[in-house]
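Residue numbers for the sequence shown follow this note's numbering, so the first one is -17 and each next one is one higher. Idealized CB from N, CA, C, for every residue including glycine. Given the structure is predicted, the values throughout are model-derived calculations rather than measurements.
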Amino acid sequence: MATEARTIAVLKGGYSAEREVSLRSGEAVARGLREAGCEVDEVDVTAPEPPIRAGVEAAFIALHGEYGEDGGIQQYLERIGLPYTGSDPVGSRAAFDKILTKEALARAGLPTAPYEILGPDGARSLPLPVVVKPPRQGSSLGLSVVRREEEWAPALREAGRYDSRVLVEAFIEGRELTVGAVDGEALPAVEIRAPGGTYDYRAKYVDRATEYLVPAALAPGIAAEVGRLALRTFEALGCGGFGRVDFRLDSAGRLFILELNSIPGFTETSLLPKAAAAAGLSFSALCDRILSTARLHGDRMRGT
Ligand SMILES: Nc1ncnc2c1ncn2[C@@H]1O[C@H](COP(=O)(O)OP(=O)(O)O)[C@@H](O)[C@H]1O
Ligand SMILES: [Mg+2]
-17 MATEARTIAV LKGGYSAERE VSLRSGEAVA RGLREAGCEV DEVDVTAPEP PIRAGVEAAF
43 IALHGEYGED GGIQQYLERI GLPYTGSDPV GSRAAFDKIL TKEALARAGL PTAPYEILGP
103 DGARSLPLPV VVKPPRQGSS LGLSVVRREE EWAPALREAG RYDSRVLVEA FIEGRELTVG
163 AVDGEALPAV EIRAPGGTYD YRAKYVDRAT EYLVPAALAP GIAAEVGRLA LRTFEALGCG
223 GFGRVDFRLD SAGRLFILEL NSIPGFTETS LLPKAAAAAG LSFSALCDRI LSTARLHGDR
283 MRGT
């Protein structure tokens, strides 16, 4: 047992579209780590390369979206030699870019919805319904479900506000599951029941009618399979430490991987902490466990 408290920087806020969510995650993580006996320095990140004061031993990154999940802050922390939580720059980038994710999943032979990548005025070849997504956005910003032909052009325009490339995926009718993992271990799956069937920005942050079933009621075979696929997704993308993998489950019992969130929402009521609680891990113990995985990845970085 260490006798002196560890001093940890909690990096929060950031300047992505998810700043507000990140401020809440960071505050919760700071409370959790203090409860676990750490001394915490809360750093509100408002520009790249935030100054970290001397004496800090590691960083807990609670930033979502750009410069938090895309490998940017991770690269900076590698450079200044400060161990940090979560995935390294290469894994972060692969998880953040949904096109890179699709390619890595396909290479690994993991199940994911059929897809295509279009330019700003690209022609679609997948039949409706489809989901149109800008590849580098979280929180479902710029994402639309297209069920009828007349919804296609507005969806393409909306996604095009965020990126010149657009990811189009076959819409998977069915249930929505998400699986958190910490340090190579999958937590119980959570089922998300959003009123409209799509866990979009409204369902995430506006409507409170979304239901979360923790743990999800699943046939034992599917519960085991979704956990196994979550861990294989971490491997395929080169991610580690912690994160959350989103899935669709169709009526035939087939699972489709949507994406890996390398720094998922982290308030006490966020999905990964809820799943951890269902597995008997308190919020504070969860923060501490994730902190114990904090490290530098210098060797891997040199090898790529
Ligand atoms: N192929 C798909 N089929 C059905 N629903 C989808 C599909 N892709 C995304 N969705 C819906 O949109 C939500 C957000 O998509 P996701 O790929 O997880 O991106 P993000 O959460 O980063 O915005 C999902 O949680 C799901 O409800
Ligand atoms: Mg998602």
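Three or more Cβ pairs closer than 8 angstroms define a contact, and the region 27 to 39 falls short of that threshold against the region 239 to 253. Burial of I239 is indicated by the presence of at least 16 other C-beta atoms within 10 angstroms of its C-beta. The C-beta distance from R230 to E158 rounds to 6 angstroms, short enough to meet the 8 angstroms contact threshold. Under the three-state reduction of DSSP, V196 is assigned to coil, being neither helix nor strand. Going by DSSP, G209 is part of the alpha helix (DSSP H) stretching over 202 to 219. A Cβ-Cβ separation of about 5 angstroms places S244 in contact with S69 under the 8 angstroms criterion.
At least 8 angstroms separates the beta-carbon of Y183 from that of I174. Contact check for V164 and P197: beta-carbon distance about 15 angstroms, past the 8 angstroms limit, so the pair fails to qualify. Segment contact: the region 258 to 278 against the region 85 to 95, fewer than three CB-CB distances shorter than 8 angstroms; contact not assigned. For the 8 angstroms CB-CB criterion, A141 and L213 do not form a contact.
Cβ-Cβ distances below 8 angstroms link A261 to L169, P170 in the same chain, with the five nearest sequence neighbours on each side left out; the list follows chain order.
Taking a cut-off of 8 angstroms on C-beta distances, the region 55 to 75 does not touch the region 15 to 26, as fewer than three cross pairs fall below it. Using a Cβ distance threshold of 8 angstroms, V(-8) and A18 do not count as a contacting pair. In this structure, G223 places its C-beta atom within 8 angstroms of the C-beta atom of T67. Residue pairing by DSSP puts F42 in a beta bridge opposite V(-8). Secondary structure of I62 (DSSP, three-state): helix.
Setting aside the 5 residues that flank it on each side, Y49 is surrounded in the same chain by G(-4), Y(-3), S(-2), V27, P30, I55, each with a C-beta closer than 8 angstroms to its C-beta; the list follows chain order.
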